[in-house]
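Report on the structure given below.
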Amino acid sequence: MAALRAADHGLKVLIVEKAQKFGGTSATSGGVMWIPNHQLDGDQGDSREAALDYLDATIGVPVNRERLEAFVDEAPRMLNFLKSTGVAVMAAAWPDYFPGKPGARADRSIVVPTFDGRRLGDERYALMREQYNRFKLFRRYAMDLTETFTLMMQSKGWRGTAAKIVGRYWLDRGSRKVSHRDRRFTQGAALMGATYEQAFRRGVELRMETGLDQLLVDEGGRVTGVEVSNYGRKYRIEARHGVILAAGGFEWNQELRDRFYPIPGLTRHSSTPEDGNRGEALIEAEKIGASTEHTEQGWWIPTMTLPMPGASNFHEIHQAAFDVGRPWSVVVNRNGVRFVDEACGYDQFGQAMVRDHLATGANCPCWLIFDAKFRKKFSAGGLMPTVHTPEHKVPADWWDHYVFRADTIEALCAKTHLPVEAVTKVVANMNAYAGTGIDPEFGRGMNPYDQMFGDPASTPNPNIGPIDTAPYYAVPINNGDLGTKGGLRCDARARVLDQQGNPIAGLYAAGNNAGTPFGDTYPGAGATIGPAMTFGYVAANDIAERSANQRAG
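For the sequence shown, the tail end lands on 805 under my numbering, and the numbers increase by one without skipping.
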C-alpha cells in the first residue's frame, strides 16, 4: 500500500523483500481489513464517534490518542483510494470481537474477492507467497472464505462445493502448463495480488532475496537509505525522501520473545511463515535510537503441532482458532480447570492462556478435550474430521503422542496426565450446560461472535454440546500467534519516534513492524491488516508532501 500510494504521487519506489516469495505474511492470511466507518454500502449508521466509542471500550492500556484517531479518520480514505486504483473490495458480515461493547458492529471487516493471479504475469504469479497447504482443500486447491466456512461446518451442499473447487482447478489446463499453483488467489493472496498488480502497473520495482543489514544515517541523524545483502553480496540503496519499514514483527526471533513477552512461548508455535519475521528492521531501528511500544503483546491464536505429511522429521503448525469453541468439546488447563469462554476471539483466548499461566503455571499448553461427535464433524487443529481422515488413516505415530484417544474420560486423563476428578467435574458441568444452553461460568455461545462459529444443529446453544460419546480425544493447544502486536513507536503520521518521542527524520513504519494503535486489544477481523494498509498509506502521503516541499524549495 505504501508503494502503491507513493507511486500514485509520482515518486520512484522500490520494495525490498528478503524472501524468495513476495506478499509477506498478509498473503498467507485471511486477507481481511478492519475498516470502521467505511461507507461502502452508503451510510449504515457507523461513524467516527461509534468507532472510537467501541475502541475506547475495548482497549485496556494507554495508547497514543492522536494515532488512534488518525487510524479511524484515515482508514476509510485509504480504502477509497484502494478502490479508485481498481481493487475490488466488499464488506463481510463479521461481528466485531467484542460484540457486547458500545459501538460494536458486524460490518467493519473488508475483504477482496477472488483475484486471477495470472494477471500479475506468468513470470510473477507463482512467485507470490501462497496459502499454507493446511488452508487448501486436499492441500492443493484454493478456497475463498465462504467456501472455507461451508466445508469447515459441513453446511448444506458442502460436497458440491468441494467438487466445484476441485473441478475448476483441473479444467484450467492453461494454468497447469505454467505452474501447479491455483490461479485463483483467495483471501490474503487476493488482497496482495490485486494490490501488487496496481503497484506494478505504476512502475514500482520489487527486489527479492534482498535483506536489510542496516539503516543509513547522515550526520544530522536523518535516515538516507539502507544497506542490504543479496546472497552475501552487500550494497547500499540511497533513499532521497524516506524509508518505510514494513518488515513484519519479531515472532520468529526467540531472543526478542524472551526479552519482551511475559510468557515467551516458542517461535515454532507461530502460525506465520517459518523463520520469516525475525525483527531485523526493529533491531536496526533501535540501533539508531528508535523506541518501541506494546511489545509485551502478540496477535495470539491457539495452535497445535502435527508431523508434516510426506516429510520425515518436519512438523507443521495448525491454527485451532474456531475448533476450540465448537460443541461437544471443552478446554482445560493442566489442572483440569476451564479458564475462558473457549469460543471467544482467538486473541482473547491467547490472552486468557497467558493470564492463567501467570496465575497457575499450568497453561501454555492447555488441552482441548472432545468426543466422537466432534471428531466426526470438526477439525481439531490439523486433525481433520472423520469424513476426510477416518481413524484408520490417522498415522500410527500420531496416536497418544500428538492426538490422544481413549474409551473413557478417566483413561484419557491417565494418558494426558490430567487430574481425573477435576476433568470429570468439568465434563459433567459442560453436559449440564448443554441441556440448559447457559454457561454460567464464562458465557460460552451467548453472544453473536461465538454463535457465528458454532453449529446450528447443536441446540439450545450452538457452541455447547454434551461430551458423552466414546471414544474421547485430547490435543495440546499452544499459544501461537499471527504476529506481534508491538513494535516501533510511531506517531499519527507513521513516523518512527526516538526515546524522547521525537520523529527520526526520514524513517517510517507500518504493519507489525510498528506498534499497534490498539494497544492490548484485537477489535475485529482484519485488525492487523487494516492499520497496516492505513499507516502505509499515511506514510506515503507524508513522504509525498515533504518531497513536494523539498522540490518547491
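Just so it is clear, CB atoms sit at the ideal spot from N, CA and C, and this is done for glycine as well.
Query raised in the report: Helix, strand or coil: how does DSSP classify residue 482 here?
Result: DSSP, reduced to helix, strand and coil, places residue 482 within a strand of the structure shown.
Query raised in the report: Apart from the five residues just before and just after residue 796, which ones in its own chain have a Cβ nearer than 7 Å to its Cβ?
Result: Taken in chain order, the residues that qualify are 258, 261 and 263.
Query - DSSP bridge partner residues for residue 343 (one or two, in chain order) - result: Answer by DSSP bridge pairing, in chain order: 362.
Query raised in the report: Along the chain, where does the alpha helix (DSSP H) that runs through residue 604 open and close?
Result: Segment 598-612, the alpha helix (DSSP H) holding residue 604.
**Report entry** Ordered list of alpha helix (DSSP H) runs contained in the stretch 387-447, each at least 4 residues
**Finding:** Runs found: 397-404, 410-423 and 425-428.
Query raised in the report: Run through DSSP, which three-state label would residue 665 get?
Result: DSSP places residue 665 in helix when its eight states are reduced to three.
Query raised in the report: Under a three-way DSSP split, which group does residue 349 fall into?
Result: It is coil, neither helix nor strand.
Report task. Taking 8 Å as the threshold, find out whether the stretch 438-456 comes into contact with the stretch 274-284 through three or more Cβ pairs. Result -> The stretch 438-456 and the stretch 274-284 touch, with no fewer than 3 CB-CB distances between them shorter than 8 Å.
Query raised in the report: Which parts of the stretch 526-551 are runs of the beta strand (DSSP E), unbroken and 3 residues or longer, counting only runs that do not cross its ends?
Result: List check, beta strand (DSSP E) in window: nothing returned.
Report task. To the nearest angstrom, report how far apart residue 402 and residue 590 are at their CA atoms. Result -> Rounded to the nearest whole angstrom, the CA to CA distance from residue 402 to residue 590 is 29 Å.
Query - Nonlocal neighbours in the same chain, by C-beta distance under 7 Å from residue 608, ignoring five residues either side - result: Contacts found: 585, 591 and 615.
Query raised in the report: Ordered along the chain, which non-local residues of its own chain (more than five positions away) have a Cβ less than 7 Å from that of residue 374?
Result: Answer for residue 374: 430, listed in chain order.
Query - Simplified DSSP state of residue 733, which is helix, strand or coil - result: Reduced to three states, the DSSP call for residue 733 is strand.
Requested in this report: For residue 421, count neighbouring Cβ atoms within 10 angstroms of its own Cβ and tell me buried if that reaches 16, exposed if not.
Outcome: Flag for residue 421 reads buried.
Requested in this report: Express the C-alpha separation of residue 640 and residue 725 in angstroms, rounding to a whole number.
Outcome: So the two alpha carbons sit approximately 17 Å from each other.
Query raised in the report: Distance, Cα to Cα, residue 458 vs residue 254?
Result: Taking the straight line joining both Cα atoms gives about 13 Å.
Query raised in the report: How about residue 583 and residue 576: are their beta carbons less than 7 Å apart?
Result: A distance below 7 Å separates the beta carbons of residue 583 and residue 576.
Query raised in the report: Contact check, residue 734 vs residue 551 under 8 Å by CB: the rounded distance?
Result: Rounded, the Cβ-Cβ distance is 4 Å, consistent with contact.
Report task. Mind reading off the beta-carbon distance from residue 507 to residue 738? Whole number of angstroms is fine, and I expect it under 8 Å. Result -> In this structure, residue 507 and residue 738 do not form a Cβ contact; the two beta carbons are roughly 15 Å apart against a cut-off of 8 Å.
Query - Assigned exposure category for residue 542 - 16 Cβ within 10 Å defines buried - result: With 16 or more other Cβ atoms within 10 Å, it is buried.
Report task. Kindly indicate the opening and closing residues of the beta strand (DSSP E) around residue 326. Result -> For residue 326, there is no enclosing beta strand (DSSP E); the enclosing alpha helix (DSSP H) covers residues 317-336.
Requested in this report: With DSSP as the reference, please indicate the residues paired to residue 294 in a beta bridge.
Outcome: Beta-bridge annotation (DSSP): residue 294 is paired with 292.
Requested in this report: Report yes or no: do three or more beta-carbon pairs, one from the stretch 753-762 and one from the stretch 771-779, lie closer than 8 Å?
Outcome: The stretch 753-762 vs the stretch 771-779: no contact.
Requested in this report: Assign residue 527 to buried or exposed, taking buried as 16 or more other Cβ atoms, counted over all protein chains shown, within 10 Å of its Cβ.
Outcome: It is exposed - the Cβ of residue 527 has fewer than 16 other Cβ atoms within 10 Å.
Query raised in the report: Would a C-beta distance cut-off of 7 Å place residue 569 and residue 631 closer than the cut-off?
Result: Going by beta carbons, residue 569 and residue 631 fall outside the 7 Å limit.
Requested in this report: Consult DSSP for residue 620 and reduce its assignment to one of helix, strand or coil.
Outcome: In the three-state reduction of the DSSP assignment, residue 620 falls in the strand class, which pools E and B.
Query raised in the report: Taking only runs of the beta strand (DSSP E) that begin and end inside the stretch 628-704, which ones reach a length of at least 3 residues, in chain order?
Result: Taking only runs of at least 3 residues, the beta strand (DSSP E) segments lying wholly in the stretch 628-704 are 656-658.
Requested in this report: Starting from residue 459, trace the beta strand (DSSP E) both ways and give me its first and last residue.
Outcome: Here the beta strand (DSSP E) through residue 459 covers 457-459.
Report task. Would you give the residue range spanned by the alpha helix (DSSP H) that residue 260 belongs to? Result -> Start and end: 254-260.
Query - Extent of the continuous beta strand (DSSP E) run through residue 581 - result: It spans 581-584 - the beta strand (DSSP E) in which residue 581 sits, taken as one unbroken run.
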